[in-house]
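Colleague: Quick one: structure below, then a few questions.
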Amino acid sequence: MYAKCGHMAEAEAVFHGLDGKSVVSWTSLVVGLAINGFGEDAIRVFEEMERRNVIPTEITFIGVLYACSHNGLVDEGFAYLEKMIEKYGIVPRMEHYGCMVDLMGRAGKIERAYDYIKNMPVEPNAVIWRTLLGACTLSGNVRIGEVARKEIVKLEPKHCGDYVLLSNLYASERRWCDVDRVRRAMVREGVRKVPGYSLVEVRNTSHEFVMGDKSHPRTEEIYEMLREMRRRLRSEEGYDPGTSGVLTDVEEEEKEDAVMHHSEKIAVAFGLISTPPGSPIRVVKNLRICVDCHVAIKMVSRVFRREIVVRDCSRFHHFRDGNCTCKDYWTQLMLRQIPETRARRLAPQITQKEPANRSQTQQTSPQAQPKFAANPSAQHQRREKTVASGDTSNWNHQRRNKATTHPKMSVRCSPNAA
């Protein structure tokens, strides 16, 4: 429960307080760390689990593969899948194949993911094809995206998310006639796009916002804070609104206004004016956070000295001191659908003010750890040094020692949302 609401410090405290740790307990921690963006920690816990002779289950491996997927660990993901089959005799389920397609898709290996689907020993379902379509949207691969869409239509013809993904894919390539064709098809089929919204909890009350929302009693204060955020981010961080992420054919000024009024920015602004200085802000969003909001919220966490946790439809993003637990892996992928000139302008905002050395990185962003080496034996030797035998307290890195006690959230933390 704690992990699915983004409270990893509390989740680990409960885990370490258990007298007897069953495979369910270990699996819950592995999956919890994975969905909260601490993928390398999840893998370290999994390997400690193995050293203690706790036999992992198929669910455990879903967590491990998810961790690999969201950290760009492609080779490691395939190695763990092979271990699951060869060492533990676990027959892959559709969820495991889905993780592998997601793993390759997030790494931009679209052709490889497509070939993988075609050679799967089971018939791929709509989720598998939808995962491929989403990856094509990230990478701008229209050809395979259209193939994936045709396969989805055979299985689930009226899923609104598929229309949106295809429309966004065309829009990312500036194919506005195709965008219009998809939208007319949605109207003809009676399919409606799910509106985006963001929830933020303040004093045990959930406040919901949509894009450009002006229905809240404190609207004037919220928009004043939005202007303050924009002013300070520009003057202190060099913020430049990512208008190329607005996938509509409108004027640049309209795009800039649109990105500044996204629901997650409004929720964060409300959190800033409604909570004590220095306290965490927790936001839940029903759709994926956009590149510009990710960049802006990173900057807000540093400028306003706040920890901000955003749970979108895919994962948790823990922002602190201008860094995110995703280590910008996801936003680097999204840059592929932005024109080259705009990508060159936006990229410095994603990685700006990087610490000069690793020790400084560990002080300012405990999550920003180096990826595992490509050699599995080297990985194992390094992890053996970092995890003392029999002492699980060594998983509590500096980020958890600094963690604050967060108010419990009561809003839509679906166990299936990850």
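Residue 67 in the UniProt record's numbering is what sits at position 67 of the sequence shown, and the numbering runs on without skipping anything.
Idealized CB from N, CA, C, for every residue including glycine.
So, helix, strand or coil for K327, using DSSP?
Modeller: It is coil, neither helix nor strand.
Colleague: Using 10 angstroms around the beta-carbon of T27, count the other beta-carbons present and answer buried if the total reaches 16, otherwise exposed.
Modeller: So T27 counts as buried.
Colleague: Whose C-alpha, out of C99, E208, N168, A3, is nearest the C-alpha of C290?
Modeller: Of the candidates C99, E208, N168, A3, the one whose C-alpha sits nearest the C-alpha of C290 is N168.
Colleague: Here's a check: name, in chain order, each residue in its chain whose Cβ is nearer than 8 angstroms to the Cβ of V309, leaving out the five neighbours to either side.
Modeller: If we look at V309 and ignore the five residues flanking it on each side, its Cβ neighbours are G6, P280, I281, R282, V283, F316, H317, H318, F319, H406.
Colleague: For S22, tell me which candidate among L33, A11, I55 has the shortest Cα-Cα distance.
Modeller: Out of L33, A11, I55, I55 has the C-alpha closest to the C-alpha of S22.
Colleague: DSSP has S206 in a bridge; who is on the other side?
Modeller: In the DSSP output, where bridge partners are listed per residue, S206 has E201.
Colleague: Would you mind sorting K298 into buried or exposed? The rule is 16 or more other CB atoms within 10 Å of its CB.
Modeller: That one is buried.
Colleague: Whole angstroms is fine: what's the gap from L133's alpha carbon to K150's?
Modeller: Their Cα atoms are separated by approximately 10 angstroms.
Colleague: Assuming the contact rule is C-beta atoms closer than 8 angstroms, L233 and A148 should be a hit. Round their C-beta distance to whole Å, please.
Modeller: Rounded, the Cβ-Cβ distance is 37 angstroms, inconsistent with contact.
Colleague: So if DSSP puts F38 in a beta bridge, which residue, or which two residues, is it bridged to?
Modeller: The partner list for F38 (beta bridge, DSSP) is empty, contrary to what the question assumes.
Colleague: Please state the DSSP three-state secondary structure of K285.
Modeller: K285 falls in the strand class under three-state DSSP.
Colleague: So what's I128 in DSSP terms, helix, strand or just coil?
Modeller: Three-state result, I128: helix.
Colleague: Could you please give the first and the last residue of the uninterrupted beta strand (DSSP E) stretch that includes V309?
Modeller: That run of the beta strand (DSSP E) goes 308-311.
Colleague: Exposed or buried, which one is P339 when buried takes at least 16 other CB atoms within 10 Å?
Modeller: Residue confidence is low: P339 scores 44 on pLDDT, short of 50, so the model does not pin down where it sits. Its coordinate-derived value is still stated next. Under this definition P339 is an exposed residue.
Colleague: Tell me, to the nearest whole angstrom, how far the beta carbon of A135 is from that of R106; I am working on the premise that it is less than 8 angstroms.
Modeller: About 7 angstroms; that satisfies the 8 angstroms criterion.
Colleague: Among S198, N141, V194, which has the Cα closest to the Cα of A171?
Modeller: When each option's Cα is compared against that of A171, the closest is N141.
Colleague: S69 and L103: beta carbons closer than 8 angstroms?
Modeller: Contact: yes.
Colleague: Is there contact here, the region 64-79 with the region 33-46, by at least three beta-carbon pairs under 8 angstroms?
Modeller: Yes, the region 64-79 is in contact with the region 33-46.
Colleague: Excluding the five sequence neighbours on either side, which residues of its own chain have a C-beta within less than 6 angstroms of the C-beta of E10, listed in chain order?
Modeller: Result list for E10: Y2, in chain order.
Colleague: With H96 as the anchor, note down where its alpha helix (DSSP H) starts and where it stops.
Modeller: Residues 94-106.
Colleague: Alpha carbons only, please: which of L33, A67, D292 is nearest the one belonging to H261?
Modeller: Minimum Cα distance to H261 is reached at D292.
Colleague: Is it the case that the Cβ atoms of L165 and T137 are separated by a distance below 8 angstroms?
Modeller: Yes, they are a contact pair.
Colleague: Could you name the residues of the same chain whose beta carbon sits closer than 6 angstroms to that of G39, not counting the 5 residues immediately before and after it, in chain order?
Modeller: Contacts found: A67, H70, N71.
Colleague: Kindly indicate which three-state DSSP category R320 falls into: helix, strand or coil?
Modeller: The answer is strand: DSSP assigns R320 an E or B state.
Colleague: Under a three-way DSSP split, which group does Y88 fall into?
Modeller: Residue state, collapsed to three classes: coil.
Colleague: By DSSP, does H16 sit in helix, in strand, or in coil?
Modeller: DSSP places H16 in helix when its eight states are reduced to three.
Colleague: Counting C-beta neighbours from all protein chains within 10 Å, is the total for N53 16 or more, i.e. buried, or is it exposed?
Modeller: N53 should be labelled exposed.
Colleague: Compute the Euclidean distance between the alpha carbons of K109 and M8, then round it to the nearest angstrom.
Modeller: So the two alpha carbons sit approximately 31 angstroms from each other.
Colleague: Using the three-state DSSP reduction, which class does C68 fall into: helix, strand or coil?
Modeller: Note: C68 maps to helix in three-state DSSP.
Colleague: So R302 and D321 are supposed to be a Cβ contact under 8 angstroms. How far apart are they, rounded?
Modeller: About 6 angstroms; that satisfies the 8 angstroms criterion.
Colleague: When DSSP labels each residue in this structure, what does Y140 get in the three-state scheme?
Modeller: Strictly speaking, residue 140 in this sequence is Gly, with Tyr absent from that position. Looking at G140 - three-state DSSP - the assignment turns out to be coil, as it is neither helix nor strand.
Colleague: State the start and end residues of the unbroken alpha helix (DSSP H) segment that holds S167.
Modeller: First-last of the alpha helix (DSSP H) with S167: 160-172.
Colleague: Quick one: grab the DSSP three-state call for residue 502.
Modeller: The first residue shown for the chain is 1 and the last is 418, placing residue 502 beyond what the model contains.
Colleague: Going by alpha carbons, who is nearest to E12 out of L33, G20, V24?
Modeller: Closest option to E12, Cα to Cα, is L33.
Colleague: Could you give the distance in angstroms between the alpha-carbon of R93 and the alpha-carbon of T219?
Modeller: Going from the Cα of R93 to the Cα of T219 covers about 48 angstroms.
Colleague: Comparing C-alpha positions only, which one of L65, V91, G89, E221 sits nearest to Y80?
Modeller: Nearest of L65, V91, G89, E221 to Y80, Cα basis: L65.
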